[in-house]
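Here the structure comes first, spelled out in structure tokens, and everything after it is commentary.
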Amino acid sequence: MAQKIVTVYTDDLTGREFEDVQTHTFSLDGVNYEIDLVSDNYDKLFEALAPFISNGRKVGRSQSPGGSRKQNQDGPSAEELRTWARENDYPVNDRGRVPTSIREAYAQAH
């Protein structure tokens, strides 16, 4: 007997199926949240939080399950990563979060 496993990615905000859904994390009042969004909905989330982020204070970076930091605070900016990605034939959006795969490729190249 053969089995076929199908993974369906859905945007948590709309409930619609998409291929390019990414998981994003954020914290509020000491509670960590995770949400799966397409880039347009992530942009909406980021724009809604932008005034609070720009006026808030950073208190540290969260760590990935393996204990390593998710992103180097002193690393390249999102725009620097996008420029590098385009120069090296990686597809990247003009706005929103730069995918981890591009950050990792950049780190390996440098």
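The opening position of the sequence shown corresponds to residue 105 in the working numbering, with each subsequent residue numbered one higher. Ideal Cβ positions, reconstructed from N, Cα and C, are used throughout, including at glycine. Since this is a predicted model, take the numbers as computed values, not measurements.
Burial state of aspartate 198 (16 or more Cβ within 10 Å): Here residue 198 is taken as the residue at index 94 of the sequence shown, counted from 1. So aspartate 198 ends up on the exposed side.
Paired residues, beta bridge with isoleucine 139 - DSSP: Residue 139 sits at position 35 when you count from the first residue of the sequence shown. Isoleucine 139 pairs with His128.
Residues that threonine 114 bridges to, as DSSP identifies them: Sequence index remark: in the sequence shown, residue 114 carries index 10 (1-based). According to DSSP, which records beta bridges pairwise, threonine 114 is partnered with Glu121.
If you check the beta carbons only, do leucine 117 and histidine 128 fall under 8 Å apart? Here residue 117 refers to the residue found at position 13 of the sequence shown. Here residue 128 refers to the residue found at position 24 of the sequence shown. Contact: no.
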